[in-house]
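Top to bottom, those sequences are chains A and B. Per the numbering used here, the very first residue in the first sequence carries number 31; after that it's consecutive. Per the numbering used here, the very first residue in the second sequence carries number 2; after that it's consecutive. Glycine is no exception: its CB is placed at the ideal position from the N, C-alpha and C atoms. As the structure is a computational prediction, the values presented were derived from the model and not from experiment. Have a look at the structure below before the remarks.
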Amino acid sequence: MAQSKLVKGLTHSRVWRSLFRHGWPDNPLDRSLTMTSNIFFHLHPVKVSRKSLRWQYSFGLGVVATILYGVLIFTGVLLMFYYVPSVERAYPSMKEIQLSVPLGQFTRNMHRWAAHGMVLVVILHMVRVFYTGAYKPPRQFNWVIGVILLLFTLGASFTGYLLPWDQLSFWAITVGTNIASYAPGAGPVMREILLGGTEVGQDTLIRFYTLHIALLPLSLALVVSLHLWRVRKDGGLAATEVPDGEG
Amino acid sequence: MTNELPVKDEVFPKDTSKSYAIVEMVRGDSPMVGKGPDDTVFSFPIVLLWEILLLLGVTLAIFLFSLAKQAPLDAIANPQITTDPAKAPWYFVGLQELLEHMHPTLAGIVIPGVLVGFLMSIPYLDNSREFAGVWFSSKRGKRIVVWTAVYTVIAMVAFIAFDNAFSIRETLRGVAPPWVAQWVIPGLILAVIVLLPVVILWRKKGSARDIMIALFTVMIVSAVVLTISGFLFRGPGFEMYWPWQMPDGYNPWDEL
């Protein structure tokens with residue numbers, strides 16, 4: 031393909047070549063290097079099987095879950111600029127976000143709907159992986175990691191649910207954490223550790239906030255990396271194992 | 002795996018004076034030594050384009066949804082006034098529904114614990130490699146999914162409706178000790194619902210995969226039925242109502 035002088039001048043400049051350590055990706059070598067020499071792309075293999083790209087196979091649910099996670103990090107950080115995790119100020123800061131922060135209500139909407147969406151998509155992803163038998167050897171342990179990721183996702187959503195500090199969140203968390211207290215023996219202690227007391231209060235709010243904005247998102251990022259790394263080590267999606275002409 | 006080579010029927014006679022020879026020629030643009038055609042594409046740019054497309058699509062969907070529906074914000078939290086009904090978030094409302102029908106330790110601890118344990122052990126209970134990457138494994142697998150799903154919907158709806166109409170707990174009050182009404186009977190009913198498809202498949206000499214398909218389908222369909230029941234059919238006092246006859250203008254969708 032003929033490149034204009036401008037494109038050529040740009041892509042051959044010292045600055046460009048210091049950024050991208052490969053040539054224009056119109057040939058196999060440079061297409062490979064594009065993937066392997068970029069930290070964001072190198073999670074992908076250089077080549078992928080056409081079978082694993084079939085839409086009706088995976089519905090892209092794992093990718094969608096990751097995208098929703100990204101949307102949640104982005105909108106979550108924006109909300110953190112205004113939200114104050116104290117019993118006195120949490121609710122007023124929610125009101126402030128909704129009424130006086132530019133696009134505040136919209137940002138909160140996006141955060142909430144993406145959160146519900148992520149729980150739903152992660153569940154659907156698990157259903158897809160199960161029914162396609164993608165947990166079979168050598169992928170057994172990656173399935174277990176997936177179950178852990180589902181639990182982390184539920185935890186991240188549940189801890190975020192309390193933060194608005196309205197009646198809805200307060201009583202949902204009260205009902206939800208009451209379930210923990212039914213565990214024989216350790217139940218009441220477990221609930222107390224979770225709440226930081228016997229009732230939902232300031233200690234609960236700060237615990238849930240810390241879990242929600244730091245511990246769970248970081249754990250998710252770490253374990254998702256492991257999850258994706260194992261997908262690659264196991265040779266991509268299980269779809270690639272189907273002999274030609276079947277499936 | 003087919004091993005047809007793009008270039009065929011060419012003979013390369015071995016030169017007796019050389020220790021190497023051309024064995025075969027393959028037309029292609031990547032190193033293919035010792036491999037048949039592998040039907041792969043370069044990740045750049047196809048996979049990246051797919052991902053960008055998904056990114057735009059998902060973000061657009063959330064954008065539009067966020068324009069159409071506002072996130073709810075109720076009155077400020079007040080520990081003195083309980084909301085009615087007080088519901089857990091939608092993904093736990095299935096458990097809350099289950100709590101209505103049995104001892105809380107059974108519904109809130111034992112059953113979720115068993116479910117997580119079951120989920121994590123699936124790959125170790127079914128360790129065959131057959132049919133990995135094929136939806137429902139086979140036609141037989143698909144039939145198992147459909148029949149188990151239909152059966153589970155009927156069984157779970159019947160269980161919820163029956164227990165709601167003739168509360169096992171209340172009916173047996175004074176007749177049998179509480180652990181019978183709240184542990185043994187609901188536990189047995191659920192065990193029968195879960196194990197019936199397993200026994201049928203066992204007698205038909207079903208594989209481990211067949212049994213996993215049945216168990217997973219029972220689990221996921223029960224979770225859906227319980228969640229719908231708890232979310233849509235429970236109104237004030239967590240009592241059962243038709244969704245279109247909710248009293249006090251209660252609308253569960255406002256609390257999502």
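Checklist entry - Which class does A:SER79 belong to by DSSP, given the choice of helix, strand or coil? => result strand
Item to check | Distance between A:TYR161 and A:SER88 (C-alpha atoms, nearest Å) | outcome: 11 Å
Item to check | Distance between A:HIS242 and A:VAL254 (C-alpha atoms, nearest Å) | outcome: 17 Å
Checklist entry - Of the choices B:GLY188, B:GLY207 and B:LYS205, whose alpha-carbon is the least far from that of B:VAL111? => result B:GLY188
Next on the checklist: For chain A, check one thing: does any of its Cβ atoms lie closer than 9 Å to the Cβ of B:GLU240?
Outcome noted: no
Checklist entry - Buried or exposed: which applies to A:ASP196, given that a residue is buried once 16 or more other Cβ atoms fall within 10 Å of its Cβ? => result buried
Checklist entry - Which class does B:ALA177 belong to by DSSP, given the choice of helix, strand or coil? => result strand
Checklist entry - Using a C-beta to C-beta distance shorter than 8 Å, which residues of chain B count as neighbours of A:MET124? => result LEU74
Next on the checklist: By alpha-carbon positions, which one of A:MET148, A:THR270 and A:TYR113 ends up nearest to B:THR60?
Outcome noted: A:MET148
Checklist entry - For B:ASN79 and chain A, any beta-carbon pair shorter than 9 Å? => result yes
Checklist entry - Cβ of B:ASN252 less than 9 Å from any chain E Cβ? => result Going by chain labels, chain E is absent from the structure shown, which instead holds the protein chains A and B.
Checklist entry - Does DSSP classify B:ILE194 as helix, strand or coil? => result helix
Checklist entry - According to a CB-to-CB cut-off of less than 9 Å, which residues of the region 148-167 of chain B neighbour chain A? => result none
Next on the checklist: Taking the alpha carbon of A:SER67 as the reference point, which residue from A:PRO58, A:TRP201 and A:HIS52 has its own alpha carbon closest?
Outcome noted: A:HIS52
Item to check | C-alpha distance - A:PHE200 paired with B:ASN79, whole-angstrom precision | outcome: 8 Å
Checklist entry - Whose Cβ in chain B lies nearer than 9 Å to the Cβ of A:ASP196? => result PRO73, LEU74, ASP75, ALA76, ILE77 and ALA78
Next on the checklist: What residue range does the beta strand (DSSP E) around A:THR162 cover?
Outcome noted: Element bounds for A:THR162: n/a, residue is neither H nor E.
Item to check | Proximal residues of chain A, C-beta to C-beta of B:PHE232 below 8 Å | outcome: None at all; the shortest Cβ gap to chain A is about 12 Å.
Item to check | Proximal residues to B:ALA156 (C-beta, below 6 Å), its chain only, five neighbours per side dropped | outcome: ILE194
Next on the checklist: Considering only the alpha carbon of each residue, which of A:ILE209, A:LEU59 and A:VAL94 lies closest to B:MET103?
Outcome noted: A:ILE209
Checklist entry - Taking 9 Å as the CB-CB cut-off, is A:THR281 touching chain B? => result With chain A covering 31 to 277 only, the question about residue 281 of chain A has no answer from this structure.
Checklist entry - Under 9 Å between C-beta atoms, does B:MET2 make it to chain A? => result Because B:MET2 carries a pLDDT of 43, less than 50, the predicted location of this residue cannot be relied on, and no value is offered for it.
Item to check | Assigned secondary structure, B:PHE217 (DSSP; H/G/I helix, E/B strand, else coil) | outcome: helix
Checklist entry - Which stretch, first to last residue, makes up the alpha helix (DSSP H) that contains B:PHE43? => result Per DSSP, B:PHE43 belongs to no alpha helix (DSSP H); it is in the beta strand (DSSP E), 41-43.
Item to check | Cutoff 9 Å: A:LEU252 Cβ touching any chain B Cβ | outcome: no
Next on the checklist: Rounded to the nearest angstrom, what separates A:THR105 and A:ARG260 at their Cα positions?
Outcome noted: 29 Å
Item to check | Residues that DSSP places opposite B:ARG235 in a beta bridge | outcome: B:MET241
Checklist entry - Of the residues that make up the region 154-169 of chain A, which ones have a beta carbon closer than 7 Å to any beta carbon in chain B? => result VAL157, PHE160, TYR161, THR162, GLY163, ALA164, TYR165, LYS166 and PRO167
Item to check | Cβ contact check for the region 116-125 of chain B and the region 182-193 of chain A: 3 or more pairs under 8 Å | outcome: no
Item to check | B:VAL59: contacting residues in chain A (beta-carbon distance under 7 Å) | outcome: VAL94, ILE97 and LEU98
Checklist entry - Less than 9 Å separating the beta-carbons of A:HIS155 and A:ALA95? => result yes
Checklist entry - Around the C-beta of A:ASP56, are 16 or more other C-beta atoms found within 10 angstroms, so that it is buried, or is it exposed? => result exposed
Checklist entry - Is it right to say B:THR3 is buried, meaning 16 or more other beta carbons lie within 10 angstroms of its own, or is it exposed? => result Confidence is the limiting factor: at B:THR3 the pLDDT is only 47, short of 50, which leaves the residue's position unreliable and the question unanswerable from this model.
Item to check | Alpha-carbon to alpha-carbon, A:LEU40 and A:LEU224 | outcome: 56 Å
Item to check | Whole-angstrom distance between B:VAL94 and A:LEU137, CA atom to CA atom | outcome: Residue 137 of chain A is actually Thr in this sequence, not Leu. About 26 Å.
Checklist entry - Sorted by chain position, which residues of the same chain lie with C-beta nearer than 6 Å to A:SER211's C-beta, five sequence neighbours on each side aside? => result GLY217, PRO218 and ARG221
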